[in-house]
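K.L.:
I'd like to ask some things about the structure below.
In the UniProt record's numbering, the protein residues as written are 1 to 181.
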(Lines of atoms letter the chains of each structure in order from A and count residues from 1; the text may use other names and numbers.)
(Lines give C-alpha, C1' and ligand atoms only; values in the text may rest on other atoms or scores of the structure.)
Protein backbone atom coordinates (compact mmCIF):
# COMPACT_ATOMS: atom_id res chain seq x y z
CA UNK A 1 0.00 0.00 0.00
CA UNK A 2 1.44 3.35 -1.04
CA UNK A 3 1.98 5.95 1.69
CA UNK A 4 0.20 9.29 1.25
CA UNK A 5 2.69 12.09 0.88
CA UNK A 6 2.59 15.88 0.89
CA UNK A 7 5.42 18.39 0.91
CA UNK A 8 5.99 21.47 3.07
CA UNK A 9 8.98 23.80 2.74
CA UNK A 10 10.01 26.03 5.65
CA UNK A 11 12.88 28.42 6.18
CA UNK A 12 13.46 29.25 9.82
CA UNK A 13 17.14 29.91 10.30
CA UNK A 14 19.87 27.33 9.96
CA UNK A 15 18.66 24.26 8.10
CA UNK A 16 20.63 21.99 10.43
CA UNK A 17 18.11 22.99 13.10
CA UNK A 18 14.94 22.68 11.05
CA UNK A 19 16.03 19.39 9.51
CA UNK A 20 16.70 17.88 12.97
CA UNK A 21 13.40 19.15 14.37
CA UNK A 22 11.20 17.91 11.55
CA UNK A 23 12.97 14.56 11.12
CA UNK A 24 12.06 13.86 14.77
CA UNK A 25 8.30 14.08 14.12
CA UNK A 26 5.91 11.18 13.57
CA UNK A 27 4.48 11.27 10.09
CA UNK A 28 7.53 12.99 8.60
CA UNK A 29 8.94 10.67 5.97
CA UNK A 30 12.07 12.77 5.47
CA UNK A 31 13.22 16.33 6.04
CA UNK A 32 15.91 17.50 3.64
CA UNK A 33 18.03 20.66 3.95
CA UNK A 34 18.43 22.91 0.95
CA UNK A 35 17.88 26.27 -0.64
CA UNK A 36 14.74 27.95 -1.98
CA UNK A 37 13.32 31.32 -2.88
CA UNK A 38 16.26 32.83 -4.73
CA UNK A 39 17.31 33.77 -8.23
CA UNK A 40 20.48 31.65 -8.65
CA UNK A 41 20.20 28.18 -10.16
CA UNK A 42 21.98 25.30 -8.40
CA UNK A 43 23.36 27.44 -5.57
CA UNK A 44 26.14 26.27 -3.31
CA UNK A 45 26.30 26.67 0.46
CA UNK A 46 29.09 29.22 0.07
CA UNK A 47 27.04 31.32 -2.38
CA UNK A 48 23.90 31.19 -0.22
CA UNK A 49 25.96 32.03 2.89
CA UNK A 50 27.21 35.18 1.15
CA UNK A 51 23.58 36.40 1.18
CA UNK A 52 23.50 37.41 -2.50
CA UNK A 53 21.54 34.54 -4.10
CA UNK A 54 18.13 35.43 -2.68
CA UNK A 55 17.81 31.87 -1.37
CA UNK A 56 16.86 30.97 2.17
CA UNK A 57 18.25 27.96 3.94
CA UNK A 58 15.13 25.82 3.85
CA UNK A 59 13.95 22.36 4.77
CA UNK A 60 11.77 20.29 2.47
CA UNK A 61 9.49 18.15 4.61
CA UNK A 62 7.85 15.13 3.03
CA UNK A 63 5.06 14.02 5.33
CA UNK A 64 2.08 11.71 5.59
CA UNK A 65 -0.97 13.94 6.25
CA UNK A 66 -2.74 10.94 7.77
CA UNK A 67 -0.16 10.95 10.58
CA UNK A 68 0.70 14.64 10.95
CA UNK A 69 -1.18 17.63 9.61
CA UNK A 70 0.20 20.72 7.93
CA UNK A 71 -1.21 22.73 10.86
CA UNK A 72 0.79 20.59 13.31
CA UNK A 73 3.91 21.26 11.21
CA UNK A 74 3.11 24.99 11.35
CA UNK A 75 2.72 24.79 15.14
CA UNK A 76 6.16 23.18 15.52
CA UNK A 77 7.70 25.59 13.01
CA UNK A 78 6.49 28.70 14.84
CA UNK A 79 7.43 27.29 18.26
CA UNK A 80 11.01 26.44 17.29
CA UNK A 81 12.20 29.67 15.70
CA UNK A 82 11.58 33.40 16.10
CA UNK A 83 9.17 34.51 13.36
CA UNK A 84 9.47 38.16 14.41
CA UNK A 85 13.10 38.85 13.50
CA UNK A 86 14.00 39.96 10.00
CA UNK A 87 16.80 37.98 8.37
CA UNK A 88 18.04 36.56 11.66
CA UNK A 89 17.81 33.59 13.99
CA UNK A 90 20.04 34.04 17.02
CA UNK A 91 23.62 34.57 15.84
CA UNK A 92 22.76 33.46 12.29
CA UNK A 93 22.28 36.72 10.38
CA UNK A 94 21.44 37.41 6.75
CA UNK A 95 18.58 36.98 4.27
CA UNK A 96 19.40 33.28 3.98
CA UNK A 97 18.13 32.88 7.58
CA UNK A 98 14.77 34.59 7.07
CA UNK A 99 11.50 33.12 8.27
CA UNK A 100 9.57 31.90 5.23
CA UNK A 101 6.95 29.37 4.21
CA UNK A 102 7.05 28.22 0.59
CA UNK A 103 3.51 26.93 0.19
CA UNK A 104 2.92 24.08 -2.26
CA UNK A 105 -0.85 24.50 -2.57
CA UNK A 106 -3.56 27.08 -2.14
CA UNK A 107 -4.75 25.13 0.91
CA UNK A 108 -1.32 25.49 2.55
CA UNK A 109 -1.30 29.23 1.80
CA UNK A 110 -4.71 29.70 3.41
CA UNK A 111 -3.82 27.59 6.45
CA UNK A 112 -0.54 29.48 6.93
CA UNK A 113 -2.26 32.88 6.64
CA UNK A 114 -4.92 31.84 9.16
CA UNK A 115 -2.34 30.38 11.51
CA UNK A 116 -0.26 33.56 11.44
CA UNK A 117 -3.34 35.70 12.17
CA UNK A 118 -4.26 33.46 15.13
CA UNK A 119 -0.71 33.34 16.50
CA UNK A 120 0.03 37.06 16.23
CA UNK A 121 -1.62 37.62 19.63
CA UNK A 122 1.04 35.36 21.19
CA UNK A 123 3.87 37.64 20.04
CA UNK A 124 4.63 41.19 21.16
CA UNK A 125 6.34 41.98 17.84
CA UNK A 126 4.77 41.49 14.41
CA UNK A 127 5.22 38.11 12.75
CA UNK A 128 7.27 38.81 9.62
CA UNK A 129 7.29 35.28 8.19
CA UNK A 130 7.10 35.50 4.41
CA UNK A 131 4.54 33.43 2.51
CA UNK A 132 5.75 32.64 -0.98
CA UNK A 133 4.58 30.17 -3.59
CA UNK A 134 6.98 27.26 -3.94
CA UNK A 135 8.99 27.35 -7.15
CA UNK A 136 12.13 25.24 -6.81
CA UNK A 137 14.10 23.51 -4.07
CA UNK A 138 17.80 22.74 -4.38
CA UNK A 139 19.08 20.05 -2.02
CA UNK A 140 22.02 21.07 0.11
CA UNK A 141 25.36 19.35 -0.26
CA UNK A 142 25.54 15.87 1.29
CA UNK A 143 27.65 16.98 4.24
CA UNK A 144 24.69 19.08 5.49
CA UNK A 145 22.24 16.18 5.50
CA UNK A 146 21.45 14.70 8.93
CA UNK A 147 24.06 17.07 10.32
CA UNK A 148 22.72 17.04 13.86
CA UNK A 149 22.61 13.25 13.98
CA UNK A 150 26.23 12.96 12.92
CA UNK A 151 27.68 15.97 14.78
CA UNK A 152 25.81 16.06 18.12
CA UNK A 153 28.96 17.02 20.02
CA UNK A 154 29.84 19.94 17.74
CA UNK A 155 29.66 23.30 19.55
CA UNK A 156 26.92 24.66 17.24
CA UNK A 157 24.76 21.59 17.81
CA UNK A 158 25.17 21.76 21.58
CA UNK A 159 24.60 25.52 21.81
CA UNK A 160 21.86 26.00 19.22
CA UNK A 161 20.18 22.73 18.22
CA UNK A 162 20.14 20.93 21.58
CA UNK A 163 17.96 23.62 23.24
CA UNK A 164 15.53 23.49 20.31
CA UNK A 165 15.35 19.71 20.54
CA UNK A 166 14.75 19.95 24.30
CA UNK A 167 11.92 22.42 23.68
CA UNK A 168 10.51 20.07 21.06
CA UNK A 169 10.62 17.18 23.55
CA UNK A 170 8.85 19.22 26.25
CA UNK A 171 6.20 20.90 24.10
CA UNK A 172 5.53 18.28 21.45
CA UNK A 173 6.34 14.86 22.96
CA UNK A 174 3.15 13.41 21.51
CA UNK A 175 4.30 14.31 17.99
CA UNK A 176 7.75 12.71 18.27
CA UNK A 177 8.70 9.42 16.62
CA UNK A 178 10.24 8.31 19.91
CA UNK A 179 10.68 10.09 23.17
CA UNK A 180 12.09 9.49 26.61
CA UNK A 181 11.44 11.26 29.86
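The beta-carbon is built from N, C-alpha and C at its ideal position, and this holds for glycine as well.
Once DSSP output is grouped into helix, strand and coil, what is the label at residue 33?
P.N.:
Looking at residue 33 - three-state DSSP - the assignment turns out to be strand.
K.L.:
Judging by CA-CA distance, which residue of 89, 47, 23 is the nearest neighbour of residue 59?
P.N.:
Nearest C-alpha to residue 59: 23.
K.L.:
Just reading off the alpha helix (DSSP H) that residue 53 is part of, what are its end residues?
P.N.:
From DSSP, residue 53 is part of no alpha helix (DSSP H); its letter is neither H nor E.
K.L.:
Would you say the segment 106 to 126 touches the segment 43 to 50, given that touching needs at least three Cβ pairs under 8 angstroms?
P.N.:
Flag = no, the segment 106 to 126 and the segment 43 to 50 do not touch.
K.L.:
Pull up the CB-CB distance for residue 130 and residue 100, whole angstroms please, since I reckon it's below 8 angstroms.
P.N.:
About 4 angstroms separates the two Cβ atoms, so the contact holds.
K.L.:
With a threshold of 6 angstroms on Cβ separation, who are the neighbours of residue 210 within its own chain once the five nearest residues in sequence on each side are excluded?
P.N.:
No information on residue 210 is available, as it lies outside the stretch 1 to 181 that the chain covers here.
K.L.:
Which residue spans inside the segment 102 to 176 form an unbroken beta strand (DSSP E) run of at least 3?
P.N.:
List check, beta strand (DSSP E) in window: 130 to 133, 137 to 139.
K.L.:
Between the C-alpha atoms of residue 68 and residue 25, what's the straight-line distance to the nearest angstrom?
P.N.:
In a straight line, the C-alpha of residue 68 is about 8 angstroms away from that of residue 25.
K.L.:
Per the contact definition of three or more C-beta pairs closer than 8 angstroms, is the segment 71 to 79 in contact with the segment 161 to 173?
P.N.:
Verdict: yes, contact present.
K.L.:
Quick one: any contact between the segment 105 to 113 and the segment 24 to 40, if contact means 3 or more CB pairs under 8 angstroms?
P.N.:
These segments do not touch.
K.L.:
Look up residue 62 in the DSSP assignment and give the residues it is bridged to.
P.N.:
In DSSP, residue 62 forms a bridge with 7, 30.
K.L.:
Please report how far the alpha carbon of residue 164 lies from the alpha carbon of residue 153, in whole angstroms.
P.N.:
The straight-line gap from Cα to Cα measures roughly 15 angstroms.
K.L.:
Please name the residue, chosen from 91, 61, 38, that lies closest to residue 8 on a Cα-to-Cα basis.
P.N.:
Answer by Cα proximity: 61.
K.L.:
Where residue 80 and residue 166 are concerned, what is the direct C-alpha to C-alpha distance, given to the nearest angstrom?
P.N.:
Each residue's alpha carbon lies about 10 angstroms from the other.
K.L.:
Select from 139, 14, 18, 159 the residue whose C-alpha is nearest the C-alpha of residue 87.
P.N.:
Of the listed residues, the one whose Cα sits closest to residue 87 is 14.
K.L.:
What's the gap between the Cα of residue 96 and the Cα of residue 114?
P.N.:
C-alpha separation (whole angstroms): 25 angstroms.
K.L.:
Roughly how far, in whole angstroms, is the beta-carbon of residue 4 from the beta-carbon of residue 65, given that I think they are within contact range, below 8 angstroms?
P.N.:
At roughly 6 angstroms, the Cβ-Cβ gap stays under 8 angstroms, so residue 4 and residue 65 are in contact.
K.L.:
Please return the same chain residues whose Cβ sits closer than 7 angstroms to the Cβ of residue 180, not counting the five positions on each side in sequence.
P.N.:
Bear in mind that a pLDDT of 46 at residue 180, under 50, signals an unreliable position, so the number given afterwards is only what the model happens to contain. Excluding sequence neighbours, residue 180 sits near nothing in its chain.
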